[in-house]
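If you number the sequence shown the way this note's numbering does, the last residue is 177 and the count never jumps. Shown next, in structure tokens, is the structure this report addresses.
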Amino acid sequence: MNMTHYMALLAENQPWNLILFMAIPVILAETVAITELFILFSRQFHGKMRQINRFASITGGIYFSGVFVYLMINAVIPITQAGEWRGIADVIAVGFYLSGIVPLGGLALLDLGVIGKGWDEERKLKLHAIFVAVFLVVAHIAMIFGMLDPTLLMAPEMSSAMPAMHH
């Protein structure tokens, strides 16, 4: 079966790539999302849930920054230089996965006080929730396109030229 580079990365070196590139970032982001709902509904801007939320936001942003740099150097640049993209689904999957750096980095910068320093809690919470929502959207787009057979979105003459990957 043909795979996007996104799926190939997660399938290789089991279970480590799945843990490092999917489980850790998603668990941290989901922790932020769940605690964010509690904070949004309770309006408790301090306390245990906010501490967990802040820890997961900062840790997720810093961790994903490392993932982003690692994958740019070790995957995106070499794949691009070698012309080895497997069609538009492949580019969308990898591109949207890596675009997670914007909301995750934003969460970390917001909770570290780098952005929104003089803002009230309500305004920070609004931007925080927007970053969480954006991350969930880009992560799901990456997953959907990442799971596609990349030849499905290729012109017929291109998909027949692509070698099949068998596992």
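Note that beta-carbon positions come from the ideal geometry of N, C-alpha and C, so glycine has one too. As the structure is a computational prediction, the values presented were derived from the model and not from experiment.
Alpha-carbon to alpha-carbon, residue j and residue i
i, j, result
"residue 111", "residue 99", "20 Å"
"residue 128", "residue 115", "19 Å"
"residue 157", "residue 33", "16 Å"
"residue 95", "residue 52", "46 Å"
"residue 22", "residue 54", "42 Å"
"residue 188", "residue 163", "For the chain, the structure presents residues 11 to 177; residue 188 sits outside this window and is missing."
"residue 175", "residue 77", "Caution is warranted here: a pLDDT of 48 is assigned to residue 175, below 50, making its placement in the model unreliable, and the coordinate value is therefore given only provisionally. When rounded, the distance between both Cα atoms is 25 Å."
"residue 56", "residue 41", "16 Å"
"residue 12", "residue 62", "40 Å"
"residue 117", "residue 138", "6 Å"
"residue 148", "residue 142", "10 Å"
"residue 16", "residue 37", "18 Å"
"residue 29", "residue 113", "20 Å"
"residue 75", "residue 39", "14 Å"
"residue 136", "residue 65", "18 Å"
"residue 124", "residue 131", "15 Å"
"residue 27", "residue 58", "31 Å"
"residue 92", "residue 144", "31 Å"
Range covered by the alpha helix (DSSP H) that runs through residue i
i, result
"residue 47", "34-52"
"residue 56", "Note, residue 56: premise wrong, no alpha helix (DSSP H); not H, not E."
"residue 11", "Note, residue 11: premise wrong, no alpha helix (DSSP H); not H, not E."
"residue 164", "Looking at the DSSP string, residue 164 is not in any alpha helix (DSSP H), and its letter there is neither H nor E."
"residue 19", "15-21"
Closest by C-alpha distance to residue i, when choosing among the options
i, options, result
"residue 31", "113, 70, 134", "70"
"residue 73", "35, 62, 85, 28", "35"
"residue 160", "134, 146, 124, 97", "97"
"residue 106", "150, 50, 45, 60", "150"
"residue 140", "62, 43, 28", "43"
C-beta atoms of residue i and residue j nearer than 9 Å
i, j, result
"residue 152", "residue 83", "no"
"residue 134", "residue 146", "no"
"residue 108", "residue 19", "no"
"residue 60", "residue 68", "no"
"residue 79", "residue 104", "no"
"residue 155", "residue 45", "no"
| query | What runs of the alpha helix (DSSP H), each 4 residues or longer, lie entirely inside the stretch 61-137? | reply | 87-92, 98-108, 111-121
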